[in-house]
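The numbers in the sequence shown follow the UniProt record's numbering, run straight up by one, and end at 305.
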Amino acid sequence: MSEAYLEPKYKYGGVTMKIVCEKQDFDGCCLCCVAHYHSYIELIYCLGGEYSVLLGNISHKFMSGDLLVINSNEVHTIQSVSPDGGSYIVLRFEPELLYDSTRDVFEVKYVLPFMINNATPQKIFKNSEIYCTDIPTLMYDALNEYNERRNGFELVLRSDICRIFVWILRYWDGSGITLRTAEAVDSEHIKIMQTVLDYIAVHYSEDISAESMARLANMSYSYFSRVFRRVMNKSFNDYLNFVRTTEAERLLTSTDMSITEIAYDTGFSSSSYFVKIFGEYKGISPSKFRKRFLEEISDGKNNES
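Below you can see the structure in the form of structure tokens.
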């Protein structure tokens, strides 16, 4: 497990994907994936076969009809142990998809169990637990929507994912299971971070620093940095760049502002730095992102005519 590698983000048409869904097939006994980890939360629904799943240093048995939940950045290995092979549906998505990252930090409490290693009390939901629920249908629907990519498929995928996780959270709650996140974040820290996020949502285009936000939160810089990362699962600078890049994406697709204008309008110190950060987050330059968006709009209009 010490040699686990960081799996890169998926891209489609050069653009980094927040959601990936695919069906994977295996012939006989084989190694399905070597030890690796990624920022995505991962759901795997077994269609057939039997597998040995290693999460951290704990082994799990995974069979037909079961649902496997893998946390963000959790090292995992999967091996098919069935001579007849098998297949499963893999649904990966960024944790931010489950809540509005730029608005409501209170929704983070629902996502935290899936962003912190060993915080989820249950990794595998057996077929006997989910066969009478909407989980199988939602996983199949996510796969079909992702493959067909009809208009609005991203919204359907997000809806399917949210419904699956609401079921998981309510299932745990109904079973009297307490999630092990108390040490990671408390309600007072969440309230303080909400104040910080509200400020960023309004002032992201200004010169904001972690030091100034620490003062707003009435914390020392070092303590603020630790609390912010604990609550948001990313550093303050990463979050600020995420907000700015998201707003830049909106301006690129809804205005004719130049790249330089967008850079300064969203708080970046220079257009070159904006291009660098946008590329890191989206996997493509701002100009190519805009060009590709306009091409897709044009293709859509041509298909309608």
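We put the beta carbon where it would ideally sit given N, CA and C, even for glycine.
Residue(s) in a DSSP beta bridge with residue i
{"i": "Asp25", "result": "Ser87"}
{"i": "Arg92", "result": "Val20 and Glu42"}
{"i": "residue 333", "result": "Outside the modelled stretch of the chain, which goes from 1 to 305, sits residue 333, for which no answer is possible."}
{"i": "Ile70", "result": "Glu42"}
{"i": "Glu280", "result": "Looking at the DSSP assignment, Glu280 forms no beta bridge with any residue, so it has no partner."}
{"i": "Ile78", "result": "Cys33 and Val53"}
{"i": "Val243", "result": "Note: Val243 sits in no beta bridge, so no partner."}
{"i": "Phe62", "result": "Tyr51"}
{"i": "Leu6", "result": "Tyr37"}
{"i": "Tyr12", "result": "Val15"}
Contacting residues, own chain, Cβ-Cβ under 6 Å from residue i (five flanking each side not counted)
{"i": "Asn151", "result": "none"}
{"i": "Asn73", "result": "Tyr37"}
{"i": "His76", "result": "Leu55 and Ile70"}
{"i": "Ile44", "result": "Leu68, Tyr88 and Val90"}
{"i": "Met139", "result": "Tyr45 and Ile89"}
{"i": "Ala182", "result": "Note that Ala182 scores 46 on pLDDT, short of 50, meaning its location in the model is unreliable and no value can be drawn from it."}
{"i": "Thr102", "result": "Any reading at Thr102 is ruled out, since the residue's pLDDT is 48, under 50, leaving its predicted position unreliable."}
{"i": "Glu22", "result": "Val90"}
{"i": "Ser271", "result": "Ile259, Thr260 and Ala263"}
{"i": "Gly48", "result": "Ser64, Gly86 and Ser87"}
{"i": "Thr253", "result": "Phe293"}
{"i": "residue 309", "result": "As shown, the chain starts at 1 and ends at 305. That puts residue 309 outside it, with no answer to give."}
Sequence-distant residues of the same chain with beta carbon closer than 8 Å to residue i, five excluded per side
{"i": "Phe153", "result": "Glu145 and Tyr146"}
{"i": "Tyr12", "result": "none"}
{"i": "Tyr273", "result": "Ala263"}
{"i": "Tyr10", "result": "Thr16, Met17, Val20 and Arg92"}
{"i": "Glu129", "result": "Tyr171"}
Straight-line Cα distance separating residue j from residue i
{"i": "Pro136", "j": "Arg244", "result": "37 Å"}
{"i": "Leu67", "j": "Leu143", "result": "15 Å"}
{"i": "Phe62", "j": "Gly283", "result": "34 Å"}
{"i": "Thr260", "j": "Ala4", "result": "40 Å"}
{"i": "Leu6", "j": "Cys33", "result": "13 Å"}
{"i": "Tyr281", "j": "Val15", "result": "9 Å"}
{"i": "Ser39", "j": "Pro83", "result": "32 Å"}
{"i": "Asp256", "j": "Ile78", "result": "47 Å"}
{"i": "Phe278", "j": "Pro8", "result": "16 Å"}
{"i": "Ala35", "j": "Ile168", "result": "26 Å"}
{"i": "Leu216", "j": "Ser64", "result": "52 Å"}
{"i": "Thr133", "j": "Ala214", "result": "45 Å"}
{"i": "Lys276", "j": "Leu240", "result": "15 Å"}
{"i": "Glu188", "j": "Lys291", "result": "44 Å"}
{"i": "Asp160", "j": "Leu97", "result": "11 Å"}
{"i": "Ser59", "j": "Leu31", "result": "14 Å"}
{"i": "Leu155", "j": "Arg170", "result": "22 Å"}
{"i": "Arg149", "j": "Asp141", "result": "12 Å"}
{"i": "Ser285", "j": "Glu295", "result": "15 Å"}
{"i": "Tyr204", "j": "Asn127", "result": "46 Å"}
Chain C within 8 Å of residue i, Cβ atoms only
{"i": "Phe62", "result": "The chain labelled as chain C is not found in the depicted structure, where only one protein chain is given."}
Residues near residue i by beta carbon distance below 7 Å, same chain, minus five either side
{"i": "Glu94", "result": "Lys18, Ser39 and Tyr40"}
{"i": "Ser287", "result": "Ile259"}
{"i": "Arg81", "result": "It should be pointed out that residue 81 corresponds to Val in this sequence rather than to Arg. Result list for Val81: Cys29, Glu50, Tyr51 and Ser52, in chain order."}
{"i": "Tyr131", "result": "Gly65"}
{"i": "Thr164", "result": "Residue 164 is actually Ile in this sequence, not Thr. Result list for Ile164: Leu43, Ile135 and Leu138, in chain order."}
{"i": "Arg158", "result": "Leu97"}
{"i": "Ser220", "result": "Ala214"}
Is there contact here, the stretch 234-245 with the stretch 202-209, by at least three beta-carbon pairs under 8 Å? yes
Report yes or no: do the stretch 86-95 and the stretch 122-132 share at least 3 C-beta pairs separated by less than 8 Å? no
With three or more C-beta pairs closer than 8 Å as the rule, is the stretch 246-256 touching the stretch 266-279? yes
Segments assigned alpha helix (DSSP H), at least 4 residues, entirely inside the stretch 116-155: 127-130 and 135-148
Can you confirm whether the stretch 220-233 touches the stretch 187-201 when touching is taken to mean that 3 or more C-beta pairs between the two stretches lie within less than 8 Å? yes
Length-filtered (4 minimum) alpha helix (DSSP H) runs lying within the stretch 201-270: 210-216, 221-232, 236-254 and 259-265
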